[in-house]
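Student: For the record, in the sequence shown the residue sitting at position 464 is 1442 according to our numbering, with numbers rising by one throughout.
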Amino acid sequence: MTVTITPDGRKAYVSNEYGGVSVIDTSTNSVIRTITSTPFGSIGCPEGIAVTPDGTRIYLNTQCAAPPGRSGHDPIFAIDTETDTVTTGFDTIPNVGTGLGVNPNGNQIWASGGDACSSTAYDRVGCDETRKNPVHVINPATNTVIARFFLGVGWWYGFHSFSPDGRFAYYAGDSGLVVVDTTTFNVVRTLGISTTGSVAFTADGALAYTTIPSLNAVAVIDPATYTLVAAIPVGITPTAIAITTFEGDENKVIPEMASAQAGGATWITVSSPFRGDANGNSYTVYEYSTSGSGPWTRVCGDGAAGESAWRHCAFGDLTPNRDYFVRVTFADPDGIVGTNPQILGPVRTPATAVAAVTVGTASASVQDKHILVSVPISQDSNLNSRLQSVEIGTSISGPWTQKCGPYATFNPKLCRLAGLTQNTDYWVRATITDPDGVNGPNPQIIGPVRYTGLTNLALGKPITADPGWGCCPDPRELVDGRIQNPDWTYGFAWAGGTCRWGGGSPGWKQATIDLGSPQPVGRVDWWSYSPEHPTTWKVSVSTDGSTYAEVFSATELRCRTETQQFYPGAYWVSPACGFSAKFGPVTARYVRYSFDDRTTYFIPSLGCTTHVWATELEVYSAP
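1) State yes or no: is the C-beta of P1072 within less than 8 Å of the C-beta of V1115?
2) Suppose the cutoff is 7 Å on Cβ atoms and the five residues either side in sequence are ignored; what does the same chain contact list for Y1264 look like?
3) Below 8 Å on the Cβ atoms is my contact criterion, and I expect G1316 with P1233 to pass it. Report the Cβ-Cβ distance as a whole number of Å.
4) If distances are taken between C-alpha atoms only, which option among A1099, T1066, P1191, T1587 comes closest to A1119?
5) Taking just the CA atoms, how far does A1333 sit from A1600?
6) Apart from the five residues on each side of it in sequence, which residues of its chain come closer than 7 Å, Cβ to Cβ, to P1426?
7) Take R1454 and list the residues in its own chain whose beta-carbon comes closer than 7 Å to its own, dropping the five residues that flank it on each side.
8) Look at L959 and I1491 and say whether their C-beta atoms are less than 8 Å apart.
9) Whole beta strand (DSSP E) runs in the stretch 1139-1208 with 3 or more residues, listed along the chain?
10) For the beta strand (DSSP E) holding S1049, just list the boundary residues, first then last.
11) Which runs of the alpha helix (DSSP H) spanning at least 4 residues fall entirely within the stretch 1008-1056, listed in chain order?
12) I'd like to check one pair, T1587 with C1450: are the Cβ atoms closer than 8 Å?
13) Let me check one thing: in DSSP terms, what residues is Q1239 bridge-paired to?
14) What is the rounded straight-line gap between the Cα of W1479 and the Cα of T1578?
15) From the DSSP output, in three-state form, read off V1332 for me.
16) Report the three-state DSSP secondary structure of R1253 (helix, strand or coil).
17) What does the alpha-carbon distance come out to for the pair T1514 and G1075?
18) According to DSSP, which residues form a beta bridge with A1592?
19) Give the range of the beta strand (DSSP E) segment to which G1323 is assigned.
20) CB-CB under 8 Å to R1034, same chain, minus the five flanking residues each way: which ones, in chain order?
21) My guess is that V1368 and A1408 are in contact by the Cβ rule of under 8 Å, so how many angstroms apart are they, rounded?
22) On the CB-based measure, 16 or more other CB atoms within 10 Å of its CB, does R1326 come out buried or exposed?
23) Are A1489 and A1527 close, meaning C-beta to C-beta below 8 Å?
24) Return yes when the Cβ of T1180 is within less than 8 Å of the Cβ of A1218, no when it is not.
25) Just to confirm, are L1437 and V1457 a CB contact at a threshold of 8 Å?
26) Just verifying my parser: in three-state terms, what is the DSSP assignment at D1522?
27) Looking at the structure shown, is R1576 part of a helix, part of a strand, or coil, going by DSSP?
28) How would you label G1494, buried or exposed, when you count the other beta carbons within 10 angstroms and need 16 or more for buried?
29) Less than 8 Å between C-beta atoms, sequence neighbours within five positions excluded: which residues of the same chain meet that for V1502?
30) Are R1567 and P1498 close, meaning C-beta to C-beta below 8 Å?
31) Compare the C-alpha of S1141 against each of N1081, A1236, N1299 and name the closest.
32) Looking only at C-alpha atoms, which of K1381, S1341, D1312, G1482 sits nearest to D1200?
33) Measuring alpha carbon to alpha carbon, tell me which of W1245, I1246, T1262 ends up nearest R1253.
34) Only counting the same chain, and skipping five residues up and downstream in sequence, which positions put a Cβ closer than 8 Å to that of T1521?
35) DSSP state of L1365, grouped into three classes?
36) Check this for me: beta carbons of A1243 and P1324, under 8 Å apart or not?
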């Protein structure tokens, strides 16, 4: 028995091996019909089942030689979800149906054929080999096989799972969990995990979960590096897995498993991934102690809320060869689901201080609006290494365009690659420098990484703004596609604030982007150089440039940042915070960001508020 649910959540389809296909109305949790026949006769013995991304069709793998198939050539049926009737049957392949999957684009069906090619009970017509579990990749538009390979493993579940972007398929093979490129159908990696092939991904694709029946556990995998993150004990012989978010809980933060490690003899780095928090109002506090029971010293997290996929903290001035504990605490007014706080440790700092930096394997993960690049480091006891550059190109040999760096020493080796083109493959080159020397792979080239996120409509478009001053008077830097810069002398600084920076008067200021033509707009993001950001701001739109309608306003900060404040107070340079306005969508040609600089950071020594300083304005068609 397997289950699939339509994308709108209205219906669930259950394959009953000897009882047809049950159709369930999810609003009442009742069976509204059972499909037992087809235009060709009996539906046979239903096995694997999957729905297309548009929700219009269900594909069903079968056994028991239902017509129009025959023994060893069981048909794959298509079911119309509007009428819940079988429309076609595909029976030209060697198939004793088990698992079935439809890729996220809906243009490939992956079907497992059981023992159709290994058992002498069948004619084996169409078999390239005589191994167990042939996998047929079928083009549903033509009902033709475009690729075939063999699992050769004893598992009959035959689950097929796909990465959220559809680039990779996962299944259980002879040697473990096999990852296949869905374009070339080449195996790109085999993970030594004895699994059924059922893999569930988090919505952002950052983590994958798969069952390990022999260990009664669920494995947590980082798909970017193909590494095992954790093994979670569960019940006896788990075979399938799914991830869901319950209505009403999407605003609650769900802490994942945090981790802490000694970067060198004098410093520790902490990562704390999480899910949920749809409204972006959670934050994380990091503390350390030499005892698991405290007392605790706070080193990162100043109460700024954010909606990033994970958070990071690094802190120094530690003693070599000593055990430390780290406490990670999430805060969210909507509630927290999971273990909170988490106490990590003991983490022992190395006894020997090594000045040269050691570089680990870099990674690149696709986010909704950018690619996040991370270069792990260790050693570097005097904390003087730096991320010299992160460059991007559409070929492994370049040419390269620098997007990040050089950063100040001990800033995180992280870079947000913005200003990208949707559905384009990129290569990333990351370079670390250290006057004491660099050990490990350097520079590193990662790729290809396909960017599947949103397209920034404001990139390179004309922009006007109220007067700027000092280092940063050019508003075009707000639409240049760089949200991180090597130092503070970048972006655009408006004159004003109650301190009257640059001679400007306090009050409302603005910047206006001309998109060139009226088009759907549903989201505006702006990035600031902390702490020069206002708490009162709004977004307005216009089709003619003269009459504007307000579509979003805010009187509080919802700072989205993958890295929080450093000890003892340094920030990840430019920017420290990103802010989102989601609305509509509406039709607009002109998009205006406005703010009140009387609501910015108050400087106690001067008795007045600072000006506003931003590094990028981004506009997107959808929230």
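Virtual Cβ for every residue (Gly too), placed ideally from N, Cα, C.
Tutor: So, to answer that:
1) no
2) V1248, V1277, C1278, G1279, C1291, V1304, V1306
3) 5 Å
4) T1066
5) CA-to-CA, the gap between A1600 and A1333 works out to about 47 Å.
6) Same-chain partners within the cutoff: D1403, Y1404, W1405.
7) I1441
8) Residue 959 cannot be examined here, being either before or after the span of the chain that is shown, 979 to 1601.
9) 1146-1151, 1154-1159, 1165-1169, 1177-1179, 1186-1190, 1195-1200
10) First-last for S1049: undefined, no H or E at that position.
11) Entirely contained in the stretch 1008-1056, not one alpha helix (DSSP H) run reaches 4 residues.
12) no
13) Here Q1239 is bridged, per DSSP, to T1247.
14) 12 Å
15) coil
16) strand
17) 60 Å
18) F1470, S1506
19) First-last of the beta strand (DSSP E) with G1323: 1320-1326.
20) In the sequence as presented, Arg is not what sits at residue 1034; that position holds Thr. Hits under 8 Å: D1058, T1059, E1060.
21) Correct: roughly 5 Å between the Cβ atoms.
22) Exposed, since its Cβ has fewer than 16 Cβ neighbours within 10 Å.
23) no
24) no
25) yes
26) coil
27) Here R1576 sits in helix by DSSP.
28) exposed
29) V1517, F1530, S1558, A1559, V1569, Y1571, L1595, E1596, V1597, Y1598
30) no
31) N1081
32) S1341
33) T1262
34) P1496, T1565, A1566, R1567, Y1568
35) Per DSSP, reduced to three states, the secondary structure at L1365 is strand.
36) no
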